[in-house]
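S.K.: A single structure is presented below for examination.
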Amino acid sequence: MTTPENPEIPGLKDALARARAAHKEMAAAFDEDQELEPDEPLGWQPVWKRPRKPKSKAAKKQELRKQRRRLQDAGRRRFAAAQSRRPRSRQNRIGNAAARRDARALSRVRHSNAWLW
3 MTTPENPEIP
13 GLKDALARAR
23 AAHKEMAAAF
33 DEDQELEPDE
43 PLGWQPVWKR
53 PRKPKSKAAK
63 KQELRKQRRR
73 LQDAGRRRFA
83 AAQSRRPRSR
93 QNRIGNAAAR
103 RDARALSRVR
113 HSNAWLW
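The following block contains the structure:
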């Protein structure tokens, strides 16, 4: 099924001409010098492209203090985690009451001197 030609709808050639004119304007805008002046404010930029600002000695020391504290806390956590992996007594390993009852019954059977026929 084809659409009938309607003179009121702008033709394909008009749209193409407008697109080409807009393309020329956009290309001209992009061809302009991309470098910014030193005093011109920058727009948003990702962190790795931003100019570096030198930190003051106090700011550096503060950052190192935070980092040292963070690393010490991590070391303490690691130490505590290693301590918690020590073997537990048998009773603690059997968690809930039902499992404990089963284990007790099995133990009785195992240690009794009754013969099972």
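Numbered by this note's numbering, the letters in the sequence shown go through residues 3 to 119 in order. Just so it is clear, CB atoms sit at the ideal spot from N, CA and C, and this is done for glycine as well.
Give the straight-line distance between the Cα atoms of Trp-50 and Ala-82, rounded to the nearest whole angstrom.
M.R.: Taking the sequence shown and counting its residues from 1, the one referred to as residue 50 is at position 48. Taking the sequence shown and counting its residues from 1, the one referred to as residue 82 is at position 80. Roughly 37 Å separates the two Cα atoms.
S.K.: Are the CB atoms of Lys-57 and Glu-65 within a distance shorter than 9 Å?
M.R.: In the sequence shown, the residue the question calls residue 65 occupies position 63. In the sequence shown, the residue the question calls residue 57 occupies position 55. Contact: yes.
S.K.: From which residue to which residue does the alpha helix (DSSP H) around Pro-47 run?
M.R.: Along the sequence shown, one-based indexing puts residue 47 at 45. First, the amino acid is wrong: residue 47 is Gln here, not Pro. Element bounds for Gln-47: n/a, residue is neither H nor E.
S.K.: For Pro-78, which three-state DSSP category applies?
M.R.: One-based indexing of the sequence shown puts residue 78 at position 76. Before going further, note that residue 78 is Arg rather than Pro in the sequence given. Arg-78: helix per DSSP, three-state reduction.
S.K.: Please state whether DSSP places Ser-114 in a helix, a strand or coil.
M.R.: Walking along the sequence shown from the start, residue 114 turns up at place 112. Looking at Ser-114 - three-state DSSP - the assignment turns out to be coil, as it is neither helix nor strand.
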